[in-house]
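First residue of the sequence shown: 2, per the numbering used here; consecutive thereafter.
Each residue gets a CB set at the ideal place from its N, CA and C atoms; glycine is no exception.
Please read these numbers as outputs of a predicted model, since none were measured by experiment.
Worksheet: the structure to be examined is printed underneath.
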Amino acid sequence: MMRAIQYDRFGDYDVLHPVDVPRPEIRSGQALVRLTLAGIQPLDDTVRSGKRGAVKPFPITPGGTGVGTVEEPGGSALAAGSRVMVSGGRYGVAVDGTWAEYVAVDPAHLLALPDGIDDSAAAALSTGAGYLTAYLALTELAGFRPGGTVLAPGSGGAVGQAGVEIARHLGASLALTTATSTAKAERSRAAGYEVIDLSRASLRDTVARLTDGKGVDVVLDGVAGPITGQALGALAWGGTLISIGYSAGIQADINVTDLIWKAAHVHGFLFALFTQEQINAANTKLLDLVARKEITPLVDRVFPLEQAAEAQRHLIEKGPFGRVLLSL
């Protein structure tokens, strides 16, 4: 038997409940992983609340990311005891996920962890997929080049923090994020981010001032809501806005002249755009950057597995600064 979190109907946080269930039996070609940490992501909330279709039949074990050790290698080339990160797959949506002591996975979705990276850093890297998203968005969709400028709104979120760090790694001359309060702006600056305090300054005006009126080359929009229109107006001529998430709402008002007169490019981001090989290659690169301390994924708080409902509420409602994890 094993401990897990499941829900048997869509609803609010209270549909999540701890259960004792049999360990998953691995099918042909699969591997069994004993998890140590799992990530809490906005997608988990979207699926649990019933806002997304095409999920597996109830009951559902949530969780799309995690780290742990190989318990049964099965079809994997990794030895038992190898430390691994879940990389890709539709865990917690199409199949049971990582909010459990054990998960059965396709070996293609496992990456071995370098010795220099602890479980917490690896879990923070994968949770929210901010670093993976930023890397693929900038290199594959935006065609980003050294010397370019990037705005990644949301200084406490996965895309905001990762967008700044990945842009810097790729040679950005300016990498900006935003904060909705002075307190969060100050915390962001203390963490090393260049941040626009939206409670005190206009996004569009500040970007114009910092770029000598040019605007930014790329926006990584993981926030949406009112930010999208403002960020579109902050683009440079021929710039690119990549729509990634919607933590501030799914509706956005835009000025269409910002699209037309700026000759703007707008992309929607989905992992379905990329092959598993691309995802694994990007995550391997990112793990190397963590090991070399070129990027530093932050953890806001770690909850015990049994407090998964509280952990999910913390992520969605409390505006954490860094990733939220579950300890198994």
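- Look at Ser50 here: in three-state DSSP terms it is coil, with no helix or strand label.
- For the 7 angstroms CB-CB criterion, Ile228 and Ala249 form a contact.
- Here Ser88 really is in contact with Ile280; their C-beta atoms are around 6 angstroms apart, less than 8 angstroms.
- Residues of the same chain with a CB within less than 8 angstroms of the CB of Val151, apart from the 5 flanking positions on each side, are Leu139, Phe145, Gly164, Val165, Ala168, Ala173, Leu175, Ala176, Leu177, Val217, Asp218, Val219, Val220, Leu221 in chain order.
- With a contact defined as Cβ atoms closer than 8 angstroms, Ala105 and Leu171 miss out at about 36 angstroms.
- Three or more pairs of CB atoms, one per stretch, sit closer than 8 angstroms, so the segment 76 to 90 contacts the segment 112 to 130.
- Of the other Cβ atoms in all chains shown, fewer than 16 fall within 10 Å of the Cβ of Ala273; this residue is therefore exposed.
- Pairing Leu329 with Leu17 gives a Cβ-Cβ distance that is not under 7 angstroms.
- With distances taken between CA atoms, Phe304 lies nearest to Leu327 out of Leu327, Gly320, Leu287.
- Around the beta carbon of Asn256, a 10 Å sphere encloses fewer than 16 other beta carbons of the protein chains shown; the residue is thus reported as exposed.
- The segment 126 to 143 and the segment 285 to 297 touch, with no fewer than 3 CB-CB distances between them shorter than 8 angstroms.
- Here Arg53 is exposed. Its C-beta has fewer than 16 other C-beta atoms within 10 Å.
- DSSP places Leu171 in the coil class of the three-state scheme, outside both helix and strand.
- When the beta-carbon positions are compared, Ala184 and Asp198 stay at least 7 angstroms from each other.
- For Val224, there is no enclosing beta strand (DSSP E), as DSSP marks it with neither H nor E.
- In this structure, Phe270 is the residue among Asp13, Phe270, Thr258, Gly12 with its C-alpha nearest to the C-alpha of Leu142.
- Put simply, the backbone Cα of Leu204 is about 43 angstroms away from that of Pro19.
- Cα atoms of Ala80 and Ala191: separation of roughly 41 angstroms, rounded to the nearest angstrom.
- Residue state for Arg4 is assigned as strand, using DSSP reduced to three classes.
- Residue state for Ile41 is assigned as strand, using DSSP reduced to three classes.
- Counting other Cβ atoms within 10 Å of its Cβ, Glu278 stays below 16 and is therefore classed as exposed.
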